[in-house]
Amino acid sequence: MTRGLQAVGGRAAGGNVAGSCRRECSRPARGGSGFPRPHAGPLAFIPRHRGRGVLNRERGSLLGADSCPERLGLRRLRVSRAPGSGGPSSPDDEVFMQHALQLAREAGRNREIPVGAVVVDEDGRVVGDGRNATEELLDPSAHAELVAIRAAARTLGSWQLLARCTLYVTLEPCPMCAGGILQSRLRRVVYGAKNPLLGADGSWASLLRAGESAAAGSADAGPRAPLRPHPFCPDLEVHAGVLEGECAEAMKEFFRERRKRAAWEPGADGRGK
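Here it is as structure tokens:
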């Protein structure tokens with residue numbers, strides 16, 4: 000399915016469409032010492048490779064030719080991180096969330112649930128982004144967060160370097176995406192609107208923050224066992240509500256339109272994230 004993502008443009012920032020994004024992304028020189036490991040462990044080095052997405056222009060792109068921040072009218076800014084998971088969000092967060100919103104709206108135009116995601120490195124550079132593509136790829140795992148994380152790992156040349164990155168997503172991650180976030184060891188997650196149906200940051204379950212319940216949204220659940228810190232991601236920062244109104248409105252507008260279509264188009268009212 001990785002090849003499928005590349006075929007429709009599940010692009011890392013290093014892909015051909017990125018243009019200036021690719022040129023600005025830092026990459027270690029061949030033969031150099033490379034990046035230090037983000038975590039000690041049995042794998043001291045993971046070989047780097049150049050992940051280049053192959054774009055199928057006839058089918059379109061998951062990300063679009065205009066997803067580079069400068070082309071969206073957005074500035075490249077350094078991300079400021081507040082200490083602890085409860086710290087305030089950075090003013091720069093709105094810039095990157097606007098980028099994610101552009102992708103969410105593109106997903107909606109393609110009749111996908113309108114969710115967009117952006118991965119930003121420690122220097123404030125977009126290294127991967129994506130939108131929901133479950134219908135387009137016939138892949139239930141092709142949520143915006145996972146598409147963006149895969150793209151960022153290809154750009155960086157090692158998934159372990161995601162530990163220095165921030166993920167921006169327009170909707171509270173679902174349990175599947177929360178698992179991907181934790182396994183990716185991302186440093187920080189910023190999201191917009193709450194996901195009452197399947198949110199994994201307290202709306203339906205609480206998987207992202209240590210000390211929260213693993214069954215927060217289940218009325219029939221017994222005594223709640225607090226989660227222990229993730230062994231590889233103990234200090235994950237989570238910030239909610241950035242551009243919450245705009246992110247929520249994108250979802251509401253999508254479902255309003257889908258209900259209208261369902262009145263006259265059989266099968267239009269499908270299920271999604």
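FYI, the numbering for the sequence shown is 0 to 272, going by numbering that gives the first Met the number 0. We treat Cβ as the ideally placed atom computed from N, Cα and C, and that holds for glycine.
Environment of residue i [buried if 16+ CB atoms lie within 10 Å]
i: W203; result: buried
i: E252; result: exposed
i: E111; result: buried
i: D234; result: exposed
i: G191; result: buried
i: G50; result: Summary for G50: the model assigns pLDDT 37, below 50, so the residue's position carries little reliability; its value from the coordinates is reported in the next sentence. By the neighbour-count rule (16 or more Cβ atoms within 10 Å), G50 is buried.
i: L242; result: buried
i: L136; result: buried
Proximity winner among the options, relative to residue i (alpha-carbon distances)
i: E134; options: D234, A192 and R108; result: R108
i: K193; options: R186, S205 and R184; result: S205
i: D92; options: E248, V188, R208 and P139; result: V188
i: L196; options: M250, R149, R153 and G244; result: M250
i: N131; options: R124, V125 and V146; result: V146
i: R124; options: H98, L136 and D138; result: H98
i: R186; options: M175, I148, P174 and G201; result: I148
i: R184; options: L137, D128 and C232; result: C232
i: V126; options: C246, D138, T154 and V94; result: T154
i: V168; options: G240, D138, E256 and S89; result: G240
i: D128; options: A150, L136, L137 and D138; result: A150
i: P174; options: C164, R208 and R163; result: R208
i: G198; options: Q182, L181 and C176; result: C176
i: A152; options: P139, D138 and I180; result: I180
i: E245; options: M96, S89 and P90; result: M96
i: P90; options: H238, P139 and C164; result: H238
i: C164; options: P139, V94, D138 and E236; result: E236
Whole-number beta carbon distance between residue j and residue i, since they are thought to touch under 8 Å
i: A143; j: A116; result: 4 Å
i: V316; j: L170; result: For the chain, the structure presents residues 0 to 272; residue 316 sits outside this window and is missing.
i: P172; j: D200; result: 7 Å
Measuring CB atoms only, is the stretch 245-264 touching the stretch 118-127, in the sense that at least three cross pairs come out at less than 8 Å? Counting Cβ pairs under 8 Å, fewer than three are found: no touch.
In the stretch 89-117, which residue ranges form an unbroken alpha helix (DSSP H) of at least 4 residues, counting only runs that do not cross its ends? Uninterrupted alpha helix (DSSP H) stretches at least 4 residues long and entirely within the stretch 89-117 occur at 91-108, given in chain order.
Would you call the stretch 96-107 in contact with the stretch 149-163, where contact means no fewer than 3 C-beta pairs closer than 8 Å? The stretch 96-107 vs the stretch 149-163: no contact.
Which residue spans inside the stretch 138-163 form an unbroken alpha helix (DSSP H) run of at least 4? As for any alpha helix (DSSP H) of minimum length 4 sitting wholly inside the stretch 138-163, the runs are 143-155, ordered along the chain.
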